[in-house]
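Engineer: Starting off with a structure, shown below.
Written out as structure tokens, the structure reads:
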């Protein structure tokens, strides 16, 4: 077999077909075939094998599909598990920030197709707010007897802002919010 007739890979090594032809030539001459373990030294039991590192987790979360799945999983965890007040404050701050980002993005787009993912984002952010509503209600009902800050400082600050220190003003503002919600929904 001519050496120039053997096809090579770009890096200079013979192709799989050329290696097969070479094995046939060696076999016809009665030479023994040699097998090489190409995986030697590439695996093994390294510490933490099977668990991603912090850098790998960051790389995975940069992918949009995995970040979306992680966000929906977080929403489900908020629905099921009772949250401490500091975690609820953090999620409420994230929800408020997310709503401002969505509003600013919707205001500054030039064409509707620039924000084609708007319905999906709106659905997921609504799911987040509903889960936070349930978590805050659970926290208020279970720990409300401990004081106004038992449900978190965000809820306490919003309650003080709406109530204005007067119970009657709070009832009137609450009634207005309920009426506006019913008018908008229906």
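In our numbering, the protein residues as written are 7 to 192.
Cβ atoms here follow ideal geometry from the backbone N, Cα and C, with glycine treated the same way.
#1: Taking the beta carbon of residue 123 as the centre, do at least 16 other beta carbons fall within 10 Å, making it buried, or is it exposed?
#2: Decide if residue 84 is buried, meaning its Cβ has at least 16 other Cβ atoms within 10 Å, or exposed.
#3: Quick check: residue 92 and residue 158, are their CB atoms within less than 9 Å of each other?
#4: With a threshold of 16 other CB atoms inside 10 Å of the CB of residue 161, please say whether the residue is buried or exposed.
#5: Whole angstroms is fine: what's the gap from residue 145's alpha carbon to residue 121's?
#6: How many angstroms separate the CA atom of residue 80 from the CA atom of residue 176?
#7: DSSP state of residue 172, grouped into three classes?
#8: My understanding is that residue 97 touches residue 138, with C-beta atoms under 8 Å, so please give their C-beta distance in whole angstroms.
#9: Step through the CB atoms of chain B and report whether any lies within less than 9 Å of the CB of residue 93.
#10: Given this structure, state the Cα-to-Cα distance separating residue 5 from residue 74, to the nearest angstrom.
#11: Restricting to Cα atoms, I'd like to know which of 90, 61 and 59 is closest to residue 149.
#12: In chain order, what residues of the same chain have a beta carbon less than 7 Å from the beta carbon of residue 95, not counting five sequence neighbours either side?
#13: Only counting the same chain, and skipping five residues up and downstream in sequence, which positions put a Cβ closer than 8 Å to that of residue 99?
#14: With a floor of 4 residues, list each alpha helix (DSSP H) that falls wholly inside the segment 117 to 162, ordered by position along the chain.
Structural biologist: Straight from the coordinates:
#1: The residue labelled residue 123 in the question sits at position 117 within the chain shown. Counting every other CB atom within 10 Å of its CB across the protein chains shown gives residue 123 a total below 16, marking it as exposed.
#2: Here residue 84 corresponds to residue number 78 of the chain shown, with the count starting at 1. Residue 84 comes out buried.
#3: Reading the chain shown from its first residue, position 86 is the one you call residue 92. Reading the chain shown from its first residue, position 152 is the one you call residue 158. It is a contact, given that the beta carbons lie within the stated cut-off.
#4: By one-based count along the chain shown, residue 161 stands at place 155. Residue 161 should be labelled buried.
#5: Numbered from its first residue, the chain shown carries residue 145 at position 139. Numbered from its first residue, the chain shown carries residue 121 at position 115. Cα to Cα, residue 145 sits roughly 36 Å from residue 121.
#6: Translated into the one-based positions of the chain shown, residue 80 becomes position 74. Translated into the one-based positions of the chain shown, residue 176 becomes position 170. If you take the alpha carbons of residue 80 and residue 176, they lie about 32 Å apart.
#7: Counting from 1 along the chain shown, the entry for residue 172 is found at position 166. It is coil, neither helix nor strand.
#8: Taking the chain shown and counting its residues from 1, the one referred to as residue 97 is at position 91. Taking the chain shown and counting its residues from 1, the one referred to as residue 138 is at position 132. Confirmed, about 6 Å.
#9: Among the chains in the structure shown there is no chain B, since it carries only a single protein chain.
#10: Because the chain is modelled from 7 through 192, residue 5 falls outside the range shown and cannot be assessed.
#11: In the chain shown, residue 149 corresponds to position 143, counting from 1. Residue 90 is the option with its Cα nearest to residue 149.
#12: Locating residue 95 in the chain shown gives position 89, counting from the first residue. Correct list, in chain order: 158, 159 and 160.
#13: Reading the chain shown from its first residue, position 93 is the one you call residue 99. Closer than 8 Å at the Cβ level, and outside the excluded window around residue 99, lie 160.
#14: 124 to 149
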